[in-house]
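Residue numbers (the numbering used here), protein chains in the order written: chain A, 1 to 452; chain B, 453 to 904.
Report on the following structure.
Protein chains: 2
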Amino acid sequence: MTKIFDIRPVLDDVRAALDQNDLDGATSLIAAIHPADAAAILDELEFQELQDIFARLAPEQGADVLIELDSDSQLELTQSLTQTQFSDLIAQMEPDDAADVLFDLEPAQIEATLAALDPEESDDVRQLLSHAEESAGGLMNSHVVTLRDRLTAQQAIDLLRQLRPEEENVYYLFVVDAAERLVGVISLRSLVMAPANAPLASIMDTNVLTATVETDQEECARLLSRYDLLVLPIVDDERRIVGVINADDIIDVIEEEATEDMYRLANLSEDEDVEDTLFRSSRRRLFWLFVNLPTAILAAWVVSRFDGTVSRVTALVSFMPIIAGMGGNAGIQTLTLIVRSMALGEVAAGQGLRALRREMAIGAINGIAFGSAIAVLGMIWKGNPMLGLVAGSAMLLNLISAAVAGTVVPLTLKFFHIDPALASGVIVTTVTDVTGYACLLGMATLLISYLV
Amino acid sequence: MTKIFDIRPVLDDVRAALDQNDLDGATSLIAAIHPADAAAILDELEFQELQDIFARLAPEQGADVLIELDSDSQLELTQSLTQTQFSDLIAQMEPDDAADVLFDLEPAQIEATLAALDPEESDDVRQLLSHAEESAGGLMNSHVVTLRDRLTAQQAIDLLRQLRPEEENVYYLFVVDAAERLVGVISLRSLVMAPANAPLASIMDTNVLTATVETDQEECARLLSRYDLLVLPIVDDERRIVGVINADDIIDVIEEEATEDMYRLANLSEDEDVEDTLFRSSRRRLFWLFVNLPTAILAAWVVSRFDGTVSRVTALVSFMPIIAGMGGNAGIQTLTLIVRSMALGEVAAGQGLRALRREMAIGAINGIAFGSAIAVLGMIWKGNPMLGLVAGSAMLLNLISAAVAGTVVPLTLKFFHIDPALASGVIVTTVTDVTGYACLLGMATLLISYLV
Numbered sequence: 001m002t003k004i005f006d007i008r009p010v011l012d013d014v015r016a017a018l019d020q021n022d023l024d025g026a027t028s029l030i031a032a033i034h035p036a037d038a039a040a041i042l043d044e045l046e047f048q049e050l051q052d053i054f055a056r057l058a059p060e061q062g063a064d065v066l067i068e069l070d071s072d073s074q075l076e077l078t079q080s081l082t083q084t085q086f087s088d089l090i091a092q093m094e095p096d097d098a099a100d101v102l103f104d105l106e107p108a109q110i111e112a113t114l115a116a117l118d119p120e121e122s123d124d125v126r127q128l129l130s131h132a133e134e135s136a137g138g139l140m141n142s143h144v145v146t147l148r149d150r151l152t153a154q155q156a157i158d159l160l161r162q163l164r165p166e167e168e169n170v171y172y173l174f175v176v177d178a179a180e181r182l183v184g185v186i187s188l189r190s191l192v193m194a195p196a197n198a199p200l201a202s203i204m205d206t207n208v209l210t211a212t213v214e215t216d217q218e219e220c221a222r223l224l225s226r227y228d229l230l231v232l233p234i235v236d237d238e239r240r241i242v243g244v245i246n247a248d249d250i251i252d253v254i255e256e257e258a259t260e261d262m263y264r265l266a267n268l269s270e271d272e273d274v275e276d277t278l279f280r281s282s283r284r285r286l287f288w289l290f291v292n293l294p295t296a297i298l299a300a301w302v303v304s305r306f307d308g309t310v311s312r313v314t315a316l317v318s319f320m321p322i323i324a325g326m327g328g329n330a331g332i333q334t335l336t337l338i339v340r341s342m343a344l345g346e347v348a349a350g351q352g353l354r355a356l357r358r359e360m361a362i363g364a365i366n367g368i369a370f371g372s373a374i375a376v377l378g379m380i381w382k383g384n385p386m387l388g389l390v391a392g393s394a395m396l397l398n399l400i401s402a403a404v405a406g407t408v409v410p411l412t413l414k415f416f417h418i419d420p421a422l423a424s425g426v427i428v429t430t431v432t433d434v435t436g437y438a439c440l441l442g443m444a445t446l447l448i449s450y451l452v
Numbered sequence: 453m454t455k456i457f458d459i460r461p462v463l464d465d466v467r468a469a470l471d472q473n474d475l476d477g478a479t480s481l482i483a484a485i486h487p488a489d490a491a492a493i494l495d496e497l498e499f500q501e502l503q504d505i506f507a508r509l510a511p512e513q514g515a516d517v518l519i520e521l522d523s524d525s526q527l528e529l530t531q532s533l534t535q536t537q538f539s540d541l542i543a544q545m546e547p548d549d550a551a552d553v554l555f556d557l558e559p560a561q562i563e564a565t566l567a568a569l570d571p572e573e574s575d576d577v578r579q580l581l582s583h584a585e586e587s588a589g590g591l592m593n594s595h596v597v598t599l600r601d602r603l604t605a606q607q608a609i610d611l612l613r614q615l616r617p618e619e620e621n622v623y624y625l626f627v628v629d630a631a632e633r634l635v636g637v638i639s640l641r642s643l644v645m646a647p648a649n650a651p652l653a654s655i656m657d658t659n660v661l662t663a664t665v666e667t668d669q670e671e672c673a674r675l676l677s678r679y680d681l682l683v684l685p686i687v688d689d690e691r692r693i694v695g696v697i698n699a700d701d702i703i704d705v706i707e708e709e710a711t712e713d714m715y716r717l718a719n720l721s722e723d724e725d726v727e728d729t730l731f732r733s734s735r736r737r738l739f740w741l742f743v744n745l746p747t748a749i750l751a752a753w754v755v756s757r758f759d760g761t762v763s764r765v766t767a768l769v770s771f772m773p774i775i776a777g778m779g780g781n782a783g784i785q786t787l788t789l790i791v792r793s794m795a796l797g798e799v800a801a802g803q804g805l806r807a808l809r810r811e812m813a814i815g816a817i818n819g820i821a822f823g824s825a826i827a828v829l830g831m832i833w834k835g836n837p838m839l840g841l842v843a844g845s846a847m848l849l850n851l852i853s854a855a856v857a858g859t860v861v862p863l864t865l866k867f868f869h870i871d872p873a874l875a876s877g878v879i880v881t882t883v884t885d886v887t888g889y890a891c892l893l894g895m896a897t898l899l900i901s902y903l904v
């Protein structure tokens, strides 16, 4: 196959089966496909239908599907199960998946669920739950194969055959000393390729990149991406390995973080998706539009201060959309560049002043270009050179203020440990609206005798 | 280490060495660190300094660093080398890295470089170059280990020991039949864990997800992400394996594609980064602001059509920023949601009408909420109920038009195989500006007798 499995035909079949009350038929359609696709179909159904089908899945299948459901359905489904049903599902999962599902639940429910697991498993999950959800600790898989450094390659392979570790992706094996401290890494490939009697200490790579449980998941993503790693070991303060993060876990993180930044730049709630109910979506958008309203009214108030000027020189009004529009556009350009560069780790702390100087210079160059264009337009269109000069100067000043706002707002938010993408767009366009209108109408008021 | 290597202290040391004309000292500082970090430092230097240090690196180091340089420095450096120097560097690289470096060069230079490679290597690279840069073919690594299905686990391991394949990340081994067609996959882990005499055919997984060389890299990213794969095999029309894509290659693709969408939504050139020269950045931003100019002038022209109304009811001007601003904001919300959902594969073709109905309903709900708020504001602030009614109705109509434009523009671009993020923002805000001003001032003109 060359495409992601197209869920629509199966979804249609499932709906047809449900219409005929053929729950077993619908369930067997769902059970036959990949859990990720099954979850995508279940997310499209009414919750009651989802629940009916889910109840008929075998426990292992149910566990695989539950992990893949979107977070709203997952939570709702979790709350509709009995404690025993839920504990049985959790017992089927790898510790990191179990922790992911448990993260959003009430402490009492988490405790009841952990009590039903076998002690070793529940310790692993409890350990994972103790870390922040967006940290390396919250993301890592705690099943790791470690090998003592004094083993030979063949002994290590024999040991692996005997252990038959269950977890996926044991492609890098971590080598530890007598005190269980991480001293090196060896790829399963190098282990297989090495002479059978070579000790691990002689074939391992001692230069291991690690992160700690507190490392932010974005920082982990940058490490994997920058150094092209397939796996990142997570260690405690004594350099004992407590888990690993795989590249495929990080793909989801990167998509999530990019979506979050993009949505926040557009004043959208990052939880919104196209499958939300109308009511939930409206409420979420309303919130952000509501945040925007006072700032729009602020701009309106600035304009209203110049009623007298506007009533005498109506032609000024035509320039308002141009100056505010171009300023807003330039401000969002700068803002997006800075926010994305910070996310990718290209603009580090302490480089703010350099970025500001750079953006102001670009704003000034572009401001002179567009200010001149608008000035000429004003002279020709309205036949008034002074009007052109006022509009052109307002454009220049507004493009510089756009550069300043686009740089300073995200850097300031970051300084206070607030996501730089959050609400930056509203603030930046408010600054450009207010500055643009104030410059245009203010200068016109001062020079009113040359304009009428 | 828990952080990405901080290049600044080393950069300072390198600069200090360069200031004392100690080129060898600077070079040994660079040679001592990871190629990705070395490249990050070189990208910060003047091109002449970069060139001087690069010339002193050993060929293998030079090759590793060249791959990691940003695309502008890479191209400039490539063009400053003699053909022999360049060919020697390319000969050190894996075929996929070599193809990446060659992609942007002139055909004549590519030919001269390939002619200097050994024939097998040059065939591999030529094959990769024949695919589109953003397709699976352009991204894949063509060195793949394949094993015949009739080998036993131990024979396969012995064969691997003997072949000692050079390439990284041989964690999945692909099993082929006598005609070299892909019939299954086995992880190196399963191979090591399996009984020594088990034939591969009995332990392999026959359910292999594949892509073809033409598959778009975004589609490959979605496959890896949805099914949590660490590697995706790429096959030709006869299902013969021609390459693999690893999860760590896809991390860069996902970051690139997200950056591209974000920049395009903000009318930024996706090539821009904070390290560009001022002139290059200004020119790139000017282009997009220039695209925006005619649309801003269109909005200005619409406003100017109502000069008569504006001069009689100056209070209308105060509402212009609110109605245009809120409309633009709502339009960008819808646009970003739709563009990102398309990128993540959540809104498939054929679901456009459903998305449109949904967005229009949200626009209408929010339009009624904000239209009422603005109407009340208008009555209280300006003491004129009819003015409030006109402003409120304009707000309602503009939020619905924002929903329509935010949905229809990206879907239409996609239909014509244009990136939905490209220029969508400019079009959507033009629609909301023009609709907002036309509704507000048009209704005011019709109802002028009640307003003055």
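We put the CB at the ideal spot given by N, CA and C, even for glycine.
Owing to the predicted nature of the structure, the values given are computational and were not obtained by experimental measurement.
Determine, for residue i, whether the minimum Cβ-Cβ distance to residues of chain B falls below 8 Å.
| i | result |
| --- | --- |
| R358 of chain A | yes |
| T314 of chain A | yes |
| N384 of chain A | no |
| E270 of chain A | no |
| S311 of chain A | yes |
| G388 of chain A | no |
Do the CB positions of residue i and residue j come within less than 8 Å of each other?
| i | j | result |
| --- | --- | --- |
| R716 of chain B | E724 of chain B | no |
| L481 of chain B | F506 of chain B | no |
| G371 of chain A | S393 of chain A | yes |
| F174 of chain A | V192 of chain A | no |
| A391 of chain A | I374 of chain A | yes |
| S449 of chain B | E690 of chain B | Residue numbering for chain B in the displayed model covers 453 to 904; residue 449 of chain B lies beyond these limits and cannot be assessed. |
| L399 of chain A | G345 of chain A | no |
| L286 of chain A | N384 of chain A | no |
| V628 of chain B | D668 of chain B | no |
Helix, strand or coil for residue i per DSSP?
| i | result |
| --- | --- |
| G243 of chain A | strand |
| S639 of chain B | strand |
| Y624 of chain B | strand |
| V683 of chain B | strand |
| R508 of chain B | helix |
| L265 of chain A | helix |
| N366 of chain A | helix |
| R757 of chain B | coil |
| T277 of chain A | coil |
| P195 of chain A | coil |
| N781 of chain B | helix |
| R613 of chain B | helix |
Looking at the C-beta of residue i, does it have a partner C-beta in chain A at a distance below 8 Å?
| i | result |
| --- | --- |
| L463 of chain B | no |
| I519 of chain B | no |
| Y679 of chain B | yes |
Which value, in whole angstroms, describes the spacing of the CA atoms of residue i and residue j?
| i | j | result |
| --- | --- | --- |
| A608 of chain B | L599 of chain B | 7 Å |
| L23 of chain A | A17 of chain A | 7 Å |
| F103 of chain A | E133 of chain A | 7 Å |
| T435 of chain A | S734 of chain B | 21 Å |
| R56 of chain A | R792 of chain B | 34 Å |
| V883 of chain B | S73 of chain A | 36 Å |
| R732 of chain B | N267 of chain A | 30 Å |
| S318 of chain A | A751 of chain B | 8 Å |
| said: So, does the region 190-207 of chain A touch the region 130-143 of chain A, judging by three or more C-beta pairs under 8 Å? | reply: Per the Cβ contact rule, the region 190-207 of chain A is not in contact with the region 130-143 of chain A (fewer than 3 Cβ pairs under 8 Å).
| Does the region 113-129 of chain A come close enough to the region 87-99 of chain A to have 3 or more Cβ pairs within less than 8 Å? | Two segments are said to touch when three or more pairs of C-beta atoms, one from each, lie closer than 8 Å; by this definition the region 113-129 of chain A touches the region 87-99 of chain A.
| Is it true that the region 310-327 of chain A meets the region 762-771 of chain B, where meeting means three or more beta-carbon pairs spaced less than 8 Å apart? | The region 310-327 of chain A vs the region 762-771 of chain B: in contact.
| message | With a threshold of 8 Å, are at least 3 pairs of Cβ atoms found where one atom belongs to the region 242-262 of chain A and the other to the region 745-759 of chain B? | response | Under the 8 Å Cβ criterion, the region 242-262 of chain A does not count as touching the region 745-759 of chain B, having fewer than three qualifying pairs.
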